[in-house]
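Protein chains: 2
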Amino acid sequence: MSLRHAILGFLSIRPMSGYDLKRTFDQSVRHFWSADQAAIYRMLGDLEADGMVEYERIAQETRPDRKLFRATGTGRDALDMWLAAPAPAVPRREPLLVKLFFSGRLSPEATLVLLRAELDAVEAEMGAFKTYVEAMGERVESADANARASMVGPLVTLVNGVQLGLAYRAWLQRLLRDANDGTFTAENLVSQLRAALETQ
Amino acid sequence: MSLRHAILGFLSIRPMSGYDLKRTFDQSVRHFWSADQAAIYRMLGDLEADGMVEYERIAQETRPDRKLFRATGTGRDALDMWLAAPAPAVPRREPLLVKLFFSGRLSPEATLVLLRAELDAVEAEMGAFKTYVEAMGERVESADANARASMVGPLVTLVNGVQLGLAYRAWLQRLLRDANDGTFTAENLVSQLRAALETQ
DNA sequence: GGTTTCTATAGGACATCTCCTATATTGTAC
DNA sequence: GTACAATATAGGAGATGTCCTATAGAAACC
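Have a look at this one:
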């Protein structure tokens with residue numbers, strides 16, 4: 001139900017078309033919620049059928065008409081109810097970890113290839129965060145108190161993305177370093193685990 | 201395709217029934233891949249149709265017959281191919297972050313309730329990790345070199361779970377502390393972000 | 001004494017999301 | 001000059017996974 005309420009959330013800020021929503025998702029919440037274009041359009045249809053959103057058709061000459069959606073009162077109420085309700089626990093799903101779990105079947109080289117590819121992906125992600133953080137920083141500095149308050153939520157999710165990204169990268173770097181040093185052993189991993197858990 | 205190959209992975213270690221597989225999933229890979237019972241049985245049917253696994257029916261008196269599955273040569277080959285192939289990037293899906301993103305609509309108290317509930321869930325998870333790590337530590341100590349080598353993969357995923365869990369918990373604790381101190385502001389979050397990214 | 005848990009399998013319905021495709025025009029890149 | 005990206009919508013098919021249910025006897029719990 002998160003896609004449903006994420007759409008309601010954006011439409012409660014300002015009216016948007018399905019196309020606008022797709023771009024907004026990609027620019028602001030991609031690091032914790034990605035949305036397929038087809039899924040957005042379908043959900044808008046459902047939300048409209050449920051009276052959660054309404055739209056105004058805006059004629060265009062050379063392109064299909066825009067449908068400018070906005071949240072209704074019912075929609076905003078449903079959003080607020082959902083926001084305050086406990087968040088469901090979402091199981092992680094990490095194919096790379098499945099591969100590493102069974103990496104005893106793999107050559108050390110093949111395992112290194114997997115780890116390096118993942119590190120590249122994380123570096124790219126961290127680079128994107130850096131750009132995003134710089135842009136947000138400037139927006140915060142030039143914003144009034146009201147606008148600043150509205151940025152707290154988005155910034156909180158950004159801090160989450162950056163902190164977890166850094167932890168993930170550190171895990172990868174440590175693995176690669178240990179693999180190089182020949183200290184990639186069960187004993188070493190267990191003492192790492194004990195050390196991490198003892199600091200509480 | 202990860203469920204498929206996780207099943208192949210376990211069945212390449214030792215023959216198991218669907219029931220055994222479910223327990224094994226819950227005990228060893230739950231922190232990065234959970235498996236629904238019905239999904240396991242359906243996948244076993246598919247794998248058998250594809251010649252990836254085969255089974256021996258073991259009659260039981262008071263219960264349904266066990267089907268003891270094992271990976272075939274074809275199955276192990278398919279597993280090894282998949283293990284060496286690049287892992288697909290999996291988008292995160294975090295309903296809690298969706299809620300926090302739009303938490304401007306929520307009262308500060310309601311937001312704190314969400315954060316505290318999440319912290320409780322993470323503490324519980326870290327407790328489970330602690331137990332698991334202690335058990336693994338003892339198994340490593342009493343294992344021979346061969347058995348130790350086979351534990352490296354599982355331990356690597358465990359380190360991942362612990363490190364990310366710690367980072368996630370730290371993020372939550374910082375948020376709760378700042379909310380208490382009244383330093384829960386856009387400026388503060390931006391400087392947190394800049395500090396985190398500057399350390400590289 | 002009744003409820004829950006464990007062992008063991010599996011189908012039905014449903015939710016959710018992704019991928020591909022179609023339509024139509026303009027602008028940009030190589 | 002040809003292919004791709006941007007604007008704008010939306011259907012079809014399929015992959016994947018979850019929830020609920022059914023069956024059935026033994027054991028354990030309270």
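Chains as they are written, first to last, in the numbering used here: chain A, 1 to 200; chain B, 201 to 400. In this text, a Cβ means the ideal position worked out from N, Cα and C, and glycines have one as well. All of these numbers come straight from a predicted model, not from anything done at the bench.
Inside the segment 97 to 164 of chain A, DSSP marks whole alpha helix (DSSP H) runs of 4 or more residues at positions 108 to 141, from first to last along the chain. Between residue 271 of chain B and residue 208 of chain B, the CB-CB gap stays under 8 Å. Within the segment 3 to 17 of chain A, those residues whose Cβ lies closer than 8 Å to any Cβ of chain B are, in chain order, 5, 6, 9, 12.
If the five residues before and after residue 48 of chain A are omitted, its C-beta is found closer than 8 Å to the C-beta atoms of 54, 55, 69, all from its own chain and listed in chain order. 8 Å or more divides the Cβ of residue 232 of chain B from the Cβ of residue 382 of chain B. Under the 10 Å beta carbon count, residue 281 of chain B is surrounded by fewer than 16 other beta carbons and is classified as exposed. The beta carbon of residue 346 of chain B does not come within 8 Å of any beta carbon belonging to chain A, so the residue lies off that interface. A check of alpha carbon separations from residue 279 of chain B across B:373, B:213, B:367, B:372 identifies B:213 as the nearest.
Here the segment 90 to 106 of chain A lies against the segment 345 to 352 of chain B, with 3 or more beta-carbon pairs under 8 Å apart.
By DSSP's assignment, residue 268 of chain B forms a beta bridge with B:256. Only buried fits residue 140 of chain A, as 16 or more other CB atoms lie within 10 angstroms of its CB.
Within chain A, no residue has its beta carbon less than 8 Å from that of residue 242 of chain B; the closest one is some 17 Å off. Per DSSP, the continuous alpha helix (DSSP H) segment holding residue 282 of chain B begins and ends at 273 to 284.
A distance of 8 Å or more separates the beta carbons of residue 172 of chain A and residue 287 of chain B. A:29 is the residue among A:29, A:16, A:11, A:109 whose C-alpha sits nearest the C-alpha of residue 128 of chain A. Among the residues facing chain A, residue 255 of chain B is not included, as its CB has no counterpart in that chain under 8 Å away. Residues of chain B with a Cβ closer than 7 Å to the Cβ of residue 130 of chain A are, in chain order, 397.
The beta carbon of residue 342 of chain B does not come within 8 Å of any beta carbon belonging to chain A, so the residue lies off that interface. Between residue 369 of chain B and residue 90 of chain A a beta carbon distance of about 16 Å is seen, past the 8 Å cut, so the two are scored as non-contacting. In this structure, residue 164 of chain A sits near residue 364 of chain B, with a CB-CB distance shorter than 8 Å. For residue 57 of chain A against residue 65 of chain A, the beta-carbon gap comes to about 5 Å, under 8 Å, which counts as contact. Interface annotation, residue 173 of chain A: not in contact with chain B, CB-CB separation never under 8 Å. By alpha-carbon distance to residue 205 of chain B, the top candidate from B:326, B:393, B:235, B:335 is B:235.
DSSP places residue 293 of chain B within a strand segment (E or B) once states are collapsed to three.
When secondary structure is reduced to three states using DSSP, residue 243 of chain B falls in the helix class. Residue 375 of chain B places its beta carbon 8 Å or farther from that of residue 133 of chain A. Ranked by Cα distance from residue 390 of chain B, the options A:98, A:157, A:191 are led by A:157. A Cβ of chain B is located within less than 8 Å of the beta carbon of residue 158 of chain A.
When C-beta distances to chain A are compared with 9 Å, the residues of the segment 258 to 290 of chain B below that value are 276, 279, 280, 282, 283, 284, 285, 286, 287, 288, 289, 290, in chain order. When 7 Å is used as the limit between beta carbons, residue 299 of chain B is near these residues of chain A: 83, 87, in chain order.
Taken atom to atom, the span from the alpha-carbon of residue 24 of chain A to that of residue 142 of chain A is near 21 Å. Under the 8 Å criterion on CB atoms, residue 154 of chain A is classed as interfacial with respect to chain B. Using a 10 angstroms sphere on the CB of residue 252 of chain B, the tally of other CB atoms reaches 16 or more, which defines it as buried. Straight-line spacing of the CA atoms in residue 60 of chain A and residue 67 of chain A works out to 10 Å. By alpha-carbon distance to residue 285 of chain B, the top candidate from A:39, A:112, A:37, A:167 is A:112. DSSP places residue 4 of chain A in the uninterrupted alpha helix (DSSP H) bounded by 2 to 13.
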